[in-house]
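When the count follows the working numbering, it moves up by one through the sequence shown with no breaks and lands on 700 for the last residue.
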Amino acid sequence: MNTKTTKLANTLVAAVATVMFGAAAHAKVPAEQAAKLGGSELTATGAEVAGNADGSIPAYDGGMKSAPACYNGGEFLCNPFPDDKPLFVITAQNVEQYKDKLSPGQYAMFQKYPETFRMPVYQTRRTFRMPEHVAELTKKNAVSTEPVGPTGLKNYELQGYPFPIPNNGLEAVWNHIARWRGDALDRYAGQVTPLANGAYSMVMFRDQVVVANKLTDYEPGKDDNVLFYGKQVVTAPSRLAGNVLLVHETLDQVKEPRRAWIYNAGQRRVRRAPQVAYDGPGTAADGMRTADNYDLFNGSPDRYEWTLKGKKEMYIGYNSYKLDEKGLPYDDVIKPGHINQDLTRYELHRVWEVEANLRSGTRHIYAKRVFFFDEDSWMAAVIDHYDGRGNLWRVAESHEILYYHVPVQGYSLEVLYDLHAGRYLALGFENNEIMGVNWDAKFSYGDFQPAALRRAGVR
242 MNTKTTKLAN TLVAAVATVM FGAAAHAKVP AEQAAKLGGS ELTATGAEVA GNADGSIPAY
302 DGGMKSAPAC YNGGEFLCNP FPDDKPLFVI TAQNVEQYKD KLSPGQYAMF QKYPETFRMP
362 VYQTRRTFRM PEHVAELTKK NAVSTEPVGP TGLKNYELQG YPFPIPNNGL EAVWNHIARW
422 RGDALDRYAG QVTPLANGAY SMVMFRDQVV VANKLTDYEP GKDDNVLFYG KQVVTAPSRL
482 AGNVLLVHET LDQVKEPRRA WIYNAGQRRV RRAPQVAYDG PGTAADGMRT ADNYDLFNGS
542 PDRYEWTLKG KKEMYIGYNS YKLDEKGLPY DDVIKPGHIN QDLTRYELHR VWEVEANLRS
602 GTRHIYAKRV FFFDEDSWMA AVIDHYDGRG NLWRVAESHE ILYYHVPVQG YSLEVLYDLH
662 AGRYLALGFE NNEIMGVNWD AKFSYGDFQP AALRRAGVR
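Quick look at the structure:
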């Protein structure tokens, strides 16, 4: 990469590469720098407009500006690029040729599954797009938002990206946590944790989420430390159906920890759930993910020290519409060791690399995580997880798609591979459900109060 903006970005990174989460004084950027957002140098999210030197990453031209002709409306998407063919396929036999554009975790998957793991690489399409009002909020945040220590934000406008031109690793991870996700969503989504032989049982959830200021009865100043409200109802299998998780995701989780409640359908009892955070067990995950593995990473970043390492080019899951195809049998996706890689689509994109090391005096089962954030969307594309002995343990991959009718960038699937156990967790299956993602859902404050859990959990 030798574009002018890449040099500028790497100069900034070099100046702050050793800055950890405590560097709140460097949060805001000068107005003249923020003015570049949405211009000829930087996109509205702070990505480089220019392509790379050899053209394998194209210049950003505004993304997918409208739904494709194949889209007939409704909640299920069609594949905008059905005629695209892989440029090449990375296998265990040729992986050394491409190792510099893989994370250590991705590379380890070829060593773990040399006969079956493969990465079909397609033409890079920078399809990401967001509404103009989110771009305006992001520009405003660039000159006003500041971190509050390692745990929160102030002067932050909800839905905008807080730090489109990040000065340090903490700011970069906040862009993922607080990114544009739409106003609200209502969806059914499946989760599996296959055994090593591929046998699995599908757990189905109904997820409902709303950004705090998009409640139908929102009151400014009420609950102003809340980023979003979320409710997750288990709908299958029958032994788990009716269990409900309720979360009020706070912006400053040390000042005011995440509020979480669980309703147990068998006991017909609502109780507080402080374990739904950090390395607490993930819901119905058979020990295969932590609470903060959901969405690849979520929650308070205060247990880690964050270092911005710079940018690199990397193969990541992108425009992964094959995995989201309506009617696709789940058996076609879920295979021993990993998902069916023939259904995946990888593209070369620039990513921000951020290293997170466990702070002294805190605990977490992951002593180190290395994040790779898509520069256009700020979504975590890959995260490598290391244990307390410094060994690579788990590898998270997202398979991004643009919900072009909204527009909002999301995951067709998020997958977490356990290199030790030879198993994985995959979340996001909606192909054969009664509804896809409803982005027009309307919710009130009362829908996300503990008293509502018993109603939601009726079997």
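Here a beta-carbon is modelled for each residue, glycine too, at the ideal position from N, C-alpha and C.
Report task. Go through the region 504–536 residue by residue and report every complete run of the alpha helix (DSSP H) that reaches 4 residues or more, in order. Result -> none
**Report entry** residue 378, enclosing alpha helix (DSSP H) - first and last residue
**Finding:** 373–383
Report task. Could you check which residue in 301, 449, 419, 617 has the C-alpha nearest to that of residue 693? Result -> 449
Requested in this report: Please confirm whether residue 392 and residue 496 have their CB atoms less than 8 Å apart.
Outcome: yes
Report task. Starting from residue 613, follow its DSSP beta bridges and name the residues at the other end. Result -> 594, 623
**Report entry** Endpoints, the beta strand (DSSP E) within which residue 487 is located
**Finding:** 485–491
Report task. Count the other C-beta atoms from every protein chain shown that fall within 10 angstroms of the C-beta of residue 490, then say buried if there are 16 or more, exposed otherwise. Result -> buried
Query raised in the report: Quick one: any contact between the region 604–618 and the region 565–579, if contact means 3 or more CB pairs under 8 Å?
Result: no
Query raised in the report: Ends of the alpha helix (DSSP H) at residue 353?
Result: 345–353
Query raised in the report: residue 469 bridges to which residues according to DSSP?
Result: 452, 490
Query raised in the report: Three-state secondary structure (DSSP) at residue 640?
Result: strand
Requested in this report: Could you give the DSSP three-state label for residue 265: helix, strand or coil?
Outcome: For residue 265, the predicted model reports a pLDDT of 40, less than 50, meaning its position is unreliable; a value from the coordinates is still stated below. Residue state, collapsed to three classes: helix.
Report task. Please list, in chain order, all residues of the same chain as residue 682 whose beta carbon is under 8 Å from its beta carbon, the five residues on each side excluded. Result -> 425, 426, 427, 449, 451
Query - Segment contact flag, the region 404–411 with the region 540–550, C-beta cutoff 8 Å, min 3 pairs - result: yes
Query - Helix, strand or coil at residue 415 according to DSSP, with G and I counted as helix - result: helix
Query - Minimum C-alpha distance to residue 537 - residue among 310, 583, 394, 610 - result: 610
**Report entry** With 16 other Cβ atoms within 10 Å as the buried cut-off, status of residue 528
**Finding:** exposed
**Report entry** Any 3 or more C-beta pairs closer than 8 Å across the region 552–566 and the region 634–645
**Finding:** yes
Report task. Measure the Cβ-Cβ separation of residue 589 and residue 342 and say whether it is below 8 Å. Result -> yes
Query raised in the report: Taking C-beta to C-beta, are residue 667 and residue 656 nearer than 8 Å?
Result: yes
Query raised in the report: Does the Cβ of residue 505 lie closer than 7 Å to at least one heavy atom of the ligand COA?
Result: This structure simply doesn't include the ligand COA, nor any ligand for that matter.
Query raised in the report: Could you give the residue range of the alpha helix (DSSP H) that holds residue 697?
Result: 694–697
Requested in this report: Counting only the same chain and skipping the five closest in sequence on each side, list residues whose C-beta sits under 6 Å from that of residue 374.
Outcome: none
Query raised in the report: Helix, strand or coil: which one does DSSP assign to residue 553?
Result: strand
**Report entry** Assigned secondary structure, residue 559 (DSSP; H/G/I helix, E/B strand, else coil)
**Finding:** coil
Requested in this report: Look at residue 623 and residue 557 and say whether their C-beta atoms are less than 8 Å apart.
Outcome: yes
Report task. Would you list the one or two residues that DSSP bridges to residue 305? Result -> Answer by DSSP bridge pairing: none, since residue 305 is not bridged.
Query - Cβ-Cβ separation, residue 319 to residue 309 (assumed contact under 8 Å), whole Å - result: 7 Å
Report task. Look at the alpha carbon of residue 402 and the alpha carbon of residue 378, and state the distance between them as a whole number of angstroms. Result -> 7 Å
Query raised in the report: Quick one: Cα of residue 508 to Cα of residue 481, how far?
Result: 12 Å
Query raised in the report: CB residue 485 to CB residue 470, shorter than 8 Å?
Result: no
Query raised in the report: Counting pairs of beta carbons, one from the region 619–639 and one from the region 357–365, are three or more of them closer than 8 Å?
Result: no
Query - C-alpha gap between residue 709 and residue 269, whole angstroms - result: No answer is possible for residue 709: it lies beyond the span of the chain, which begins at 242 and ends at 700.
Report task. Output the distance between the C-alpha atoms of residue 551 and residue 416, rounded to the nearest integer angstrom. Result -> 15 Å
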